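Asker: First the structure, then my questions, so here it is.
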Amino acid sequence: MDALEAILTRRSTRKYRDKMPARELIEKVIEAGRFAPSGSNSQNTHFIVFTDRKNLTKMAELVRDEFSKMEAGPDTYVSLRNAINASKTSSYVFHYDAPVFIVVANKKNYGNAMADSACALENMMIAANALDLGSCWINQIHWLDENENVRNFLHPFGLDDGETVTGGLILGYPETELPNRSPLERKGNPVTWVEEK
19 MDALEAILTR
29 RSTRKYRDKM
39 PARELIEKVI
49 EAGRFAPSGS
59 NSQNTHFIVF
69 TDRKNLTKMA
79 ELVRDEFSKM
89 EAGPDTYVSL
99 RNAINASKTS
109 SYVFHYDAPV
119 FIVVANKKNY
129 GNAMADSACA
139 LENMMIAANA
149 LDLGSCWINQ
159 IHWLDENENV
169 RNFLHPFGLD
179 DGETVTGGLI
189 LGYPETELPN
199 RSPLERKGNP
209 VTWVEEK
């Protein structure tokens, strides 16, 4: 699969088989993230890789508990509102029971923290597609970045006090064996050309 095909056929996967990808495949995905561009080549993006089912379960319970304490208002961002509302049920698992969860962090008060992390996350999703793995960007852990309980959970696994959680990525084998690569119609993302007349 060439790079353009990997980009155009990438889709988010939210149903996974209970099968851990080979360590070599996970490392290839992470390496794609590590080689993403960064402002002034700062290379500040930090990847914390969870493959331990016990800690993934603890994290899922913690996230559900912390969201369940929140109330969503009419102006709450729709995805955050959905997470808050879903957390009221015991079946809510924010990472869709994927076997791999990669927390992405960057330096606090660094102007390119989100941009650098977004480039890394996108690289990893494209690499996952090229390797026949499913992936999905996960924001819940980012939305709880200032939550003391979540930060206390992540500290022993390497999150530094000077870092902010910028996003997350789930990874694994899709329930359908191969990722769903049916392209979605583009209804947004307009393009405006400014050409010489």
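Our numbering numbers the first residue of the sequence shown as 19 and each following residue consecutively.
No residue lacks a Cβ here, since even glycine has one placed at the ideal position from N, Cα and C.
Since the structure is predicted, the reported quantities are computational estimates derived from the model, not experimental observations.
Within 10 Å of its beta-carbon, does Trp211 have 16 or more other beta-carbons around it, so buried, or fewer, so exposed?
Answerer: Walking along the sequence shown from the start, residue 211 turns up at place 193. Trp211 should be labelled exposed.
Asker: DSSP three-state call for Leu187: helix, strand or coil?
Answerer: Residue numbering aside, residue 187 sits at position 169 when the sequence shown is read from its first letter. If DSSP states are grouped into helix, strand and coil, Leu187 belongs with the strands.
Asker: Is the segment 108-124 in contact with the segment 65-82, if contact means three or more CB pairs nearer than 8 Å?
Answerer: Yes, the segment 108-124 is in contact with the segment 65-82.
Asker: Let me know the beta strand (DSSP E) ranges lying completely inside the segment 92-167, each 3 residues or longer, listed in chain order.
Answerer: Counting only runs of 3 or more, we get 118-125 and 152-156.
Asker: Can you give me the C-alpha to C-alpha distance between Gly185 and Ala133, rounded to a whole angstrom?
Answerer: Position 167 of the sequence shown, counted from the first residue, corresponds to residue 185. Position 115 of the sequence shown, counted from the first residue, corresponds to residue 133. In a straight line, the C-alpha of Gly185 is about 11 Å away from that of Ala133.
Asker: Using beta-carbon positions only, say whether Phe53 and Asn167 come within less than 8 Å of one another.
Answerer: One-based indexing of the sequence shown puts residue 53 at position 35. One-based indexing of the sequence shown puts residue 167 at position 149. No, the pair does not count as a contact, with Cβ atoms beyond the cut-off.
Asker: What are the boundary residues of the alpha helix (DSSP H) that Val209 is part of?
Answerer: Taking the sequence shown and counting its residues from 1, one reaches residue 209 at position 191. Element bounds for Val209: n/a, residue is neither H nor E.
Asker: Indicate whether Pro63 and Ser153 have their beta-carbon atoms separated by less than 8 Å.
Answerer: Mapped onto the sequence shown, residue 63 falls at position 45. Mapped onto the sequence shown, residue 153 falls at position 135. The sequence shown places Thr at residue 63, not Pro. In this structure, Ser153 does not lie closer than 8 Å to Thr63 by Cβ.
Asker: Compute the Euclidean distance between the alpha carbons of Gly51 and Lys76, then round it to the nearest angstrom.
Answerer: The sequence position of residue 51 within the sequence shown is 33, counting from 1. The sequence position of residue 76 within the sequence shown is 58, counting from 1. Going by the C-alpha atoms only, they are around 26 Å apart.
Asker: Note down, in chain order, each residue of its chain lying with its Cβ closer than 8 Å to the Cβ of Asn103, except the 5 sequence neighbours on either side.
Answerer: Numbered from its first residue, the sequence shown carries residue 103 at position 85. Around Asn103: Ala90.
Asker: Keeping to the same chain, check which residues put their C-beta closer than 7 Å to that of Tyr128; ignore five residues upstream and five downstream.
Answerer: On the sequence shown, position 110 is the one that residue 128 refers to. So the qualifying residues of the chain are Asn62.
Asker: Report buried or exposed for Met19, applying the criterion of at least 16 other Cβ atoms within 10 angstroms of its Cβ.
Answerer: Residue 19 sits at position 1 when you count from the first residue of the sequence shown. Classification of Met19: exposed, given that the 10 Å Cβ count is below 16.
Asker: Tell me the residue span of the beta strand (DSSP E) that contains Phe65.
Answerer: Counting from one through the sequence shown, the residue named residue 65 turns up at place 47. Run containing Phe65: His64 to Phe68, per the beta strand (DSSP E) assignment.
Asker: Does DSSP classify Thr75 as helix, strand or coil?
Answerer: The residue you call residue 75 lines up with position 57 of the sequence shown. In the structure shown, Thr75 sits in a helix (DSSP, three-state: H, G or I).
Asker: What is the rounded straight-line gap between the Cα of Thr194 and the Cα of Val67?
Answerer: In the sequence shown, the residue the question calls residue 194 occupies position 176. In the sequence shown, the residue the question calls residue 67 occupies position 49. Taking the straight line joining both Cα atoms gives about 24 Å.
Asker: Can you tell me the Cα-Cα spacing of Pro117 and Val209, whole angstroms?
Answerer: Taking the first residue of the sequence shown as 1, we reach residue 117 at position 99. Taking the first residue of the sequence shown as 1, we reach residue 209 at position 191. If I take the Cα positions, the gap works out to 37 Å.
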